[in-house]
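To start, the structure itself, in structure tokens.
Residue numbers (our numbering): 4 to 248.
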């Protein structure tokens with residue numbers, strides 16, 4: 004009887020190990036690591052453990068960013084370094100298994116370490132959903148002042164509704180985005196303030212908000228990643244500058 008139980012236990016443990024290994028390799032095959040340009044850009048950041056920090060002017064708003072699902076934090080280094088070069092520090096939050104839904108409150112780790120007195124928070128795709136939840140439910144619970152929220156190919160859900168907020172909000176989306184659910188994106192406007200600034204990037208794609216190559220299920224356009232990254236830098240810095248007026 005004991006031997007039989009031991010065999011069953013060994014079988015269960017072996018199965019768990021096989022499933023775990025299979026899950027790990029499966030995750031490796033579907034997540035989006037940075038490509039060369041982002042790998043080079045991340046060298047400008049300081050690795051703080053829980054987040055990548057691109058230094059900027061401490062008197063200007065800090066940008067806290069939540070990555071999209073299964074996208075490495077490093078994959079957003081190109082636009083982040085560009086925004087930081089204009090004086091706005093950027094903190095790209097690292098998520099468990101690259102899933103913001105598993106680390107929705109990780110912005111708190113950033114706010115515990117930074118010197119800035121004001122900040123904005125946002126994210127790409129799923130990251131934007133979780134960033135809006137943080138802003139709606141936790142954003143005012145820190146010494147720093149929440150100054151705005153932004154979305155890259157993303158939108159809030161009911162749990163992250165900002166409809167009654169007077170916060171400035173920026174929503175960017177690519178005209179050729181084939182990943183975001185456009186019907187949900189439209190209907191989610193009810194969860195945003197009437198003053199939300201909506202801007203479309205002509206020929207922009209979902210993957211173009213990072214630098215990690217092609218997104219599965221999305222076709223390439225004539226707009227290069229370098230061009231979309233620069234557009235993001237320009238639009239973000241213009242919006243951030245308006246918050247200081």
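Even glycine gets a Cβ: it sits at the ideal position worked out from N, Cα and C. It should be emphasised that the depicted structure is a prediction, and the values quoted were computed from it without experimental measurement.
Test: residue i CB closer than 9 Å to a CB of chain D
| i | result |
| --- | --- |
| residue 230 | Here there is only one protein chain, and chain D is not present. |
Nearest-angstrom Cβ-Cβ length linking residue i and residue j, presumed shorter than 8 Å
| i | j | result |
| --- | --- | --- |
| residue 122 | residue 67 | 6 Å |
| residue 269 | residue 54 | Because residue 269 is not part of the residues shown, which for the chain are 4 to 248, the question remains open. |
| residue 116 | residue 51 | 7 Å |
| residue 180 | residue 209 | 5 Å |
| residue 130 | residue 103 | 4 Å |
| residue 213 | residue 127 | 7 Å |
Residue i vs residue j beta-carbon contact at 9 Å
| i | j | result |
| --- | --- | --- |
| residue 153 | residue 108 | no |
| residue 159 | residue 194 | yes |
| residue 202 | residue 173 | yes |
| residue 76 | residue 97 | yes |
| residue 63 | residue 85 | no |
| residue 80 | residue 41 | yes |
| residue 226 | residue 200 | no |
Burial state of residue i, where buried means 16 or more other Cβ atoms lie within 10 Å
| i | result |
| --- | --- |
| residue 101 | buried |
| residue 245 | exposed |
| residue 215 | buried |
| residue 185 | exposed |
| residue 32 | Model confidence at residue 32 stands at a pLDDT of 46, short of 50, so the residue's coordinates are unreliable; what they give is reported in the following sentence. The residue in question, residue 32, is exposed, as its Cβ has fewer than 16 Cβ neighbours within 10 Å. |
| residue 23 | Its pLDDT being 32, under 50, residue 23 is placed unreliably in this model, and the coordinates cannot settle the point. |
| residue 187 | exposed |
DSSP beta-bridge partners of residue i
| i | result |
| --- | --- |
| residue 152 | 124, 172 |
| residue 50 | 55 |
query: Which whole runs of the beta strand (DSSP E) in the stretch 67-140 are 3 residues long or more, in chain order?
result: If we require 3 residues or more, the beta strand (DSSP E) runs fully inside the stretch 67-140 come out as 93-96, 121-127.
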